[in-house]
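I have placed the structure first, in the form of structure tokens, so that the comments after it can refer back to it.
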Amino acid sequence: STSTSMANECLASLGLSGPKIEETMRNKDLTERLVALVRCAKDKLGSKELSKVQGNLIYHTGTKLKKQAFAGHELIVNHIINGDLATEAQVTAACDFCLKQIGSGDLDAFKAACGIGVSITPEDIERAVEEVINKHKQELLAQRYAFGINKLLGEARSNLKWADGKQVKCEFEVQILHLLGPKTDADRTGAANASLVAKQPAARGKPAAVAAAANGNAEVFREETRSLADQMISGDAAKFHKPGENYLTDGYVMTPRTRFLLGRHLEQTGGKVFTRFPPEPNGILHIGHAKAINFNFGYARAHNGHCYLRYDDTNPEKEEEKFFVAIRDIVEWLGYTPYKVTYASDNFDQLYEWAESLIMRGKAYVCHQSPDQLKGHNPPPSPWRDRPAEESLQLFRAMRAGMYAEGEACLRMRLTMEDSKQDPVAYRIKYARHHRTGSKWCIYPTYDYTHCLCDSIENITHSLCTKEFQNRRSSYYWLCNALDLYCPVQWEYGRLNVCNTVMSKRKILNLVQKKAVADWDDPRLFTLTALRRRGVPPEAVNLFAAKVGVTMASAYIDPSLLDACTREILNTSAPRTMVVLDPLKVTIVEGLDAVKSAALTVPDYPASPERGSHSIASFSASSGVLYLEREDFRDGGKAGAGAGFKRLTEDQPVGLKHANVAIAVRQVVRNAAGQVSELRVACLPLDSLPAKPKCFVHWVADPVQVEVRLYEQLFTMKNPRSIPTAS
Numbered sequence: 002s003t004s005t006s007m008a009n010e011c012l013a014s015l016g017l018s019g020p021k022i023e024e025t026m027r028n029k030d031l032t033e034r035l036v037a038l039v040r041c042a043k044d045k046l047g048s049k050e051l052s053k054v055q056g057n058l059i060y061h062t063g064t065k066l067k068k069q070a071f072a073g074h075e076l077i078v079n080h081i082i083n084g085d086l087a088t089e090a091q092v093t094a095a096c097d098f099c100l101k102q103i104g105s106g107d108l109d110a111f112k113a114a115c116g117i118g119v120s121i122t123p124e125d126i127e128r129a130v131e132e133v134i135n136k137h138k139q140e141l142l143a144q145r146y147a148f149g150i151n152k153l154l155g156e157a158r159s160n161l162k163w164a165d166g167k168q169v170k171c172e173f174e175v176q177i178l179h180l181l182g183p184k185t186d187a188d189r190t191g192a193a194n195a196s197l198v199a200k201q202p203a204a205r206g207k208p209a210a211v212a213a214a215a216n217g218n219a220e221v222f223r224e225e226t227r228s229l230a231d232q233m234i235s236g237d238a239a240k241f242h243k244p245g246e247n248y249l250t251d252g253y254v255m256t257p258r259t260r261f262l263l264g265r266h267l268e269q270t271g272g273k274v275f276t277r278f279p280p281e282p283n284g285i286l287h288i289g290h291a292k293a294i295n296f297n298f299g300y301a302r303a304h305n306g307h308c309y310l311r312y313d314d315t316n317p318e319k320e321e322e323k324f325f326v327a328i329r330d331i332v333e334w335l336g337y338t339p340y341k342v343t344y345a346s347d348n349f350d351q352l353y354e355w356a357e358s359l360i361m362r363g364k365a366y367v368c369h370q371s372p373d374q375l376k377g378h379n380p381p382p383s384p385w386r387d388r389p390a391e392e393s394l395q396l397f398r399a400m401r402a403g404m405y406a407e408g409e410a411c412l413r414m415r416l417t418m419e420d421s422k423q424d425p426v427a428y429r430i431k432y433a434r435h436h437r438t439g440s441k442w443c444i445y446p447t448y449d450y451t452h453c454l455c456d457s458i459e460n461i462t463h464s465l466c467t468k469e470f471q472n473r474r475s476s477y478y479w480l481c482n483a484l485d486l487y488c489p490v491q492w493e494y495g496r497l498n499v500c501n502t503v504m505s506k507r508k509i510l511n512l513v514q515k516k517a518v519a520d521w522d523d524p525r526l527f528t529l530t531a532l533r534r535r536g537v538p539p540e541a542v543n544l545f546a547a548k549v550g551v552t553m554a555s556a557y558i559d560p561s562l563l564d565a566c567t568r569e570i571l572n573t574s575a576p577r578t579m580v581v582l583d584p585l586k587v588t589i590v591e592g593l594d595a596v597k598s599a600a601l602t603v604p605d606y607p608a609s610p611e612r613g614s615h616s617i618a619s620f621s622a623s624s625g626v627l628y629l630e631r632e633d634f635r636d637g638g639k640a641g642a643g644a645g646f647k648r649l650t651e652d653q654p655v656g657l658k659h660a661n662v663a664i665a666v667r668q669v670v671r672n673a674a675g676q677v678s679e680l681r682v683a684c685l686p687l688d689s690l691p692a693k694p695k696c697f698v699h700w701v702a703d704p705v706q707v708e709v710r711l712y713e714q715l716f717t718m719k720n721p722r723s724i725p726t727a728s
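Those letters in the sequence shown? Residues 2 to 728, per my numbering, in order.
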């Protein structure tokens with residue numbers, strides 16, 4: 002490791018300030034890279050000091066040159082010192098070249114890729130900027146500074162790849178000023194308004210799904226709603242590597258065979274994106290899985306790729322057939338069709354062969370520590386870690402033959418993970434019948450062993466998983482490379498958590514077993530079967546996943562967001578009807594003749610009346626009796642109701658939806674307890690009122706009895722940590 006004093010000295014030689022040195026030294030990896038770069042530069046300079054420009058470019062190299070390409074650092078430093086690499090753009094290109102052409106000795110290709118020898122004159126810059134401005138001249142004159150000028154600047158810079166960025170910007174500003182003149186007050190106001198609109202696109206119109214539904218095209222509606230998941234393919238996901246360019250990813254481990262294996266992988270996949278959704282069939286999927294489903298299937302769809310549904314069926318004790326069926330049912334309910342449905346157990350024979358190979362390569366051993374000894378973050382080292390490969394192989398075969406009891410032996414991989422946990426278990430003994438392989442096996446592979454190898458077998462390009470698997474990334478890469486197999490890239494994203502509920506399968510199972518809830522599909526839960534039973538449409542679940550998006554940080558989401566998504570979808574997909582949950586009887590004692598028809602025609606979709614209508618009974622057919630929601634009337638007049646109350650009071654009329662009339666209270670009837678039991682009102686045509694009512698409320702006449710099930714949140718606490726016992 003680099004000593005603090007040496008690091009300080011090296012960083013100071015780059016021209017960094019004291020605070021910048023302290024900030025940099027908090028990043029150990031960056032500090033070590035910079036120290037190595039400075040030492041290399043000093044070897045070339047001898048007694049000379051680094052210039053400010055050279056220091057900046059070396060610092061830039063340290064931030065851009067990835068670990069797997071660091072072998073090319075001497076080449077880059079040499080060309081910085083001799084002045085061939087003079088801009089950050091050139092250094093960035095040099096770092097990219099070293100990454101993509103690892104081990105290449107083609108100096109001419111290096112120089113061409115970095116723009117070495119390319120001369121950009123001020124006249125070249127002036128001419129290139131002028132071409133971009135002339136290309137968009139009419140739009141600029143029409144929109145002036147409200148036009149996306151920064152995009153034009155980016156276009157100009159892309160045409161002048163090796164030019165100094167500051168010179169390009171300066172020339173661009175001069176030519177824009179010459180064309181448009183100084184900014185006016187109108188320009189400044191227009192720019193502010195444009196900025197406001199850009200920040201609030203959702204307030205300016207309907208999503209594509211809503212617009213499609215308004216046209217009554219159910220298929221387009223469903224497809225457009227599902228495609229909202231594609232909105233997640235942005236931000237951090239936009240940085241994902243292209244198929245075959247796995248080595249461009251930070252932390253990816255290269256071996257001498259990596260390029261050959263990647264080439265064979267591309268031949269087998271045709272360069273397509275392949276993802277997988279790999280649930281354990283030991284429970285029902287919940288709303289967090291909806292995010293994973295949308296991300297895996299959505300990312301593949303957005304890149305014209307494919308997504309597998311792979312059951313991680315390596316724990317036969319907890320797996321049930323009903324979970325296999327329910328998982329596929331939910332995936333298809335959300336609108337996705339798997340490229341193939343596979344099982345980890347499809348590969349049990351191959352996985353076993355690879356386990357024997359791992360032992361013979363000296364990278365795995367049989368251990369006899371008990372499961373309890375292996376629990377926790379700091380278990381004691383295994384006394385069998387240095388066991389000879391031949392002995393471990395013999396014992397491993399004995400494990401398969403059923404010569405050990407459960408817990409008496411396991412196969413462990415010889416490596417240390419990110420969290421310093423040593424030698425994860427690859428195989429353990431379980432005398433349990435498997436739903437697909439029966440009693441063929443009494444040893445089963447673990448997640449750490451199975452997952453990456455199944456990804457490799459299926460040529461997965463992007464292994465997308467939540468952040469809790471980040472500390473297993475090293476074992477993922479290690480195992481593929483240890484067996485000389487194609488190694489996919491593991492990408493982690495933040496877990497989705499919903500407030501006022503539990504998402505853990507273990508906790509949900511606890512609730513079910515204690516009869517705190519009816520089953521996995523209890524409508525108060527946030528399992529996807531429960532949401533479906535509650536009446537949440539799949540489009541709303543997908544819209545929710547799209548709005549939550551994919552970030553690298555875990556998120557705690559209020560359940561009201563799902564409610565809002567559900568309303569948004571149902572508003573355009575479910576025909577509207579009027580229902581009163583807590584009825585208050587209203588009798589019209591004056592003006593009943595204002596409504597002459599016995600039936601009223603009301604639109605199925607109020608926002609889109611052209612999509613159809615239905616008839617409802619009017620109160621003229623029910624002797625002037627109708628029912629309002631009790632909460633739509635407040636006793637005590639305007640003063641008692643409060644200033645913000647716009648519905649019915651003793652001295653404030655209210656409009657009735659679809660009836661083109663208003664009602665005004667004439668008498669409040671109370672029961673023996675003093676509670677309001679009936680309102681007697683006058684019916685008034687709208688055109689007879691001095692002002693339009695402030696509000697129109699729903700109502701029913703000649704009603705039918707219905708059962709309405711309303712569900713509250715399961716927990717009052719935002720983040721429940723314990724499961725209550727059954728009452």
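Glycine included, C-beta positions come from ideal geometry on N, C-alpha and C.
Under 6 Å Cβ to Cβ from T315, same chain only, skipping five residues before and after it: list those, please.
Along the sequence shown, read from residue 1 onward, the residue named residue 315 stands at position 314. A345, Y445, P446 and T451.
How would you write the range of the alpha helix (DSSP H) that E321 sits in, first residue to last?
Taking the first residue of the sequence shown as position 1, residue 321 is located at position 320. Element bounds for E321: n/a, residue is neither H nor E.
Nearest to N482 by CA position, among C99, L416, H615 and R145, is which residue?
Here residue 482 refers to the residue found at position 481 when the sequence shown is read from its first residue. It is L416.
Does DSSP put K68 in a helix, in a strand, or in coil?
Numbered from 1 along the sequence shown, position 67 holds the residue referred to as residue 68. DSSP places K68 in helix when its eight states are reduced to three.
Please name the residue, chosen from K53, S120 and E459, that lies closest to L267 on a Cα-to-Cα basis.
In the sequence shown, residue 267 corresponds to position 266, counting from 1. Nearest C-alpha to L267: E459.
Looking at C-alpha atoms only, which residue of P584, D605 and P244 is the closest neighbour of V729?
The shown model of the chain, from 2 to 728, leaves out residue 729, and the question about it has no answer.
For the beta strand (DSSP E) that contains V655, what are its first and last residues?
The count along the sequence shown starts at 1 and reaches residue 655 at position 654. Start and end: V655 to L657.
Following the continuous beta strand (DSSP E) through E493, name the residue where it begins and the one where it ends.
Taking the first residue of the sequence shown as position 1, residue 493 is located at position 492. Start and end: V490 to Y494.
Considering just the uninterrupted stretch of the alpha helix (DSSP H) at S358, what are its terminal residues?
Here the question's residue 358 lines up with position 357 in the sequence shown. Annotation for S358: the continuous alpha helix (DSSP H) segment containing it runs F349 to M361.
Can L38 and I59 be called in contact, C-beta distance under 8 Å?
The sequence position of residue 38 within the sequence shown is 37, counting from 1. The sequence position of residue 59 within the sequence shown is 58, counting from 1. Contact flag set, yes.
With a cut-off of 8 Å, does the C-beta of V36 fall near any C-beta of chain D?
Of the chains in the structure shown, none is chain D; there is only one protein chain.
In chain order, which continuous runs of the beta strand (DSSP E) of length 3 or greater are located wholly inside the segment 416 to 443?
426 to 430
Taking 8 Å as the cut-off, decide whether the C-beta atoms of G284 and I509 are in contact.
Looking up residue 284 in the sequence shown gives position 283. Looking up residue 509 in the sequence shown gives position 508. Yes. Within cutoff.
Determine the closest residue to R440 out of L484, A147, L593 and G403, with distance taken between C-alpha atoms.
Here residue 440 is taken as the residue at index 439 of the sequence shown, counted from 1. Correcting the residue identity first, residue 440 is Ser in this sequence and not Arg. When only C-alpha atoms are compared, the closest one is G403.
Kindly indicate the opening and closing residues of the beta strand (DSSP E) around P604.
On the sequence shown, residue 604 is found 603 positions in, with the first residue counted as 1. Looking at the DSSP string, the run of the beta strand (DSSP E) that includes P604 is A600 to P604.
What does the alpha-carbon distance come out to for the pair P539 and D485?
For the purposes of this step, residue 539 is taken as residue 538 along the sequence shown, with counting starting at 1. For the purposes of this step, residue 485 is taken as residue 484 along the sequence shown, with counting starting at 1. One C-alpha to the other measures close to 42 Å.
For N151, count neighbouring C-beta atoms within 10 Å of its own C-beta (all shown protein chains included) and say buried if the count is 16 or more, exposed if not.
Position 150 of the sequence shown, counted from the first residue, corresponds to residue 151. The residue is exposed, with fewer than 16 neighbouring Cβ atoms inside 10 Å.
I need the boundaries of the beta strand (DSSP E) containing P686, first residue and last residue.
Reading the sequence shown from its first residue, position 685 is the one you call residue 686. Unbroken beta strand (DSSP E) run through P686: V677 to P686.
Taking S464 as part of the beta strand (DSSP E), name the residues at either end of that continuous run.
As a first step, residue 464 is located in the sequence shown; it is residue number 463 there, counting from the start. Element bounds for S464: H463 to T467.
Residues in the same chain with beta-carbon distance under 6 Å from L480, minus the five sequence neighbours each way, listed in chain order, please.
As a first step, residue 480 is located in the sequence shown; it is residue number 479 there, counting from the start. Result list for L480: C453, in chain order.
With H, G and I counted as helix, E and B as strand and the rest as coil, what does DSSP make of K508?
The residue you call residue 508 lines up with position 507 of the sequence shown. K508: helix per DSSP, three-state reduction.
At what residues does the alpha helix (DSSP H) containing R260 begin and finish?
Locating residue 260 in the sequence shown gives position 259, counting from the first residue. Here the alpha helix (DSSP H) through R260 covers T259 to T270.
Take L529 as the anchor and find which of V542, V518, A517 and A519 has the nearest alpha-carbon.
Position 528 of the sequence shown, counted from the first residue, corresponds to residue 529. For the residues V542, V518, A517 and A519, the minimum Cα distance to L529 belongs to V542.
What does the alpha-carbon distance come out to for the pair L657 and W521?
Along the sequence shown, read from residue 1 onward, the residue named residue 657 stands at position 656. Along the sequence shown, read from residue 1 onward, the residue named residue 521 stands at position 520. If I take the Cα positions, the gap works out to 42 Å.
What would DSSP say about K586, mapped onto helix, strand or coil?
Here residue 586 is taken as the residue at index 585 of the sequence shown, counted from 1. In this structure, K586 counts as strand in the three-state DSSP scheme.
Excluding the 5 residues preceding and the 5 following E75 in the sequence, name in chain order all residues of the same chain whose CB lies nearer than 8 Å to its CB.
Within the sequence shown, residue 75 is the residue found at index 74, counting from 1. Once the five neighbours on either side are set aside, the close Cβ partners of E75 are C41.
Would you give the residue range spanned by the beta strand (DSSP E) that Y712 belongs to?
Stepping through the sequence shown from its first residue, residue 712 is reached at position 711. Unbroken run through Y712: none, as it is neither H nor E.
Provide the residue span of the alpha helix (DSSP H) that contains M26, from first to last.
On the sequence shown, position 25 is the one that residue 26 refers to. G19 to M26 is the span of the alpha helix (DSSP H), which, as asked, contains M26.
Leaving aside the five residues before and after A683 along the sequence, list all residues of the same chain whose C-beta is less than 6 Å from its C-beta, in chain order.
Indexing the sequence shown from 1 puts residue 683 at position 682. Here the set comprises E591, G592, A665 and R667.
Does the distance from the C-beta atom of L526 to that of V537 stay below 8 Å?
Translated into positions along the sequence shown, residue 526 becomes position 525. Translated into positions along the sequence shown, residue 537 becomes position 536. No. Outside cutoff.
Quick one: any contact between the segment 354 to 362 and the segment 303 to 323, if contact means 3 or more CB pairs under 8 Å?
no
Classify A199 as helix, strand or coil using the three-state DSSP reduction.
In the sequence shown, residue 199 corresponds to position 198, counting from 1. With a pLDDT of only 37 at A199, under the threshold of 50, the placement of this residue in the model should not be trusted; the figure read from the coordinates follows. Helix at A199.
Quick one: what's got a C-beta closer than 6 Å to S457's C-beta in the same chain, skipping five residues either side?
Along the sequence shown, read from residue 1 onward, the residue named residue 457 stands at position 456. Cβ neighbours of S457 beyond the five flanking positions: C481, L486 and Y487.
R126 and Q168: beta carbons closer than 8 Å?
Working through the sequence shown from its first residue, we reach residue 126 at position 125. Working through the sequence shown from its first residue, we reach residue 168 at position 167. According to the sequence provided, residue 126 is Ile. The question's Arg does not apply to it. Against a cut-off of 8 Å, the Cβ pair of Q168 and I126 comes out as a contact.
Do you know offhand how far L359's Cα is from V130's?
Taking the first residue of the sequence shown as position 1, residue 359 is located at position 358. Taking the first residue of the sequence shown as position 1, residue 130 is located at position 129. Spanning the two alpha carbons is a distance of roughly 60 Å.
To which residues of the same chain is S6 closer than 7 Å at the C-beta, ignoring the five residues directly before and after it?
Walking along the sequence shown from the start, residue 6 turns up at place 5. Nothing meets the Cβ criterion.
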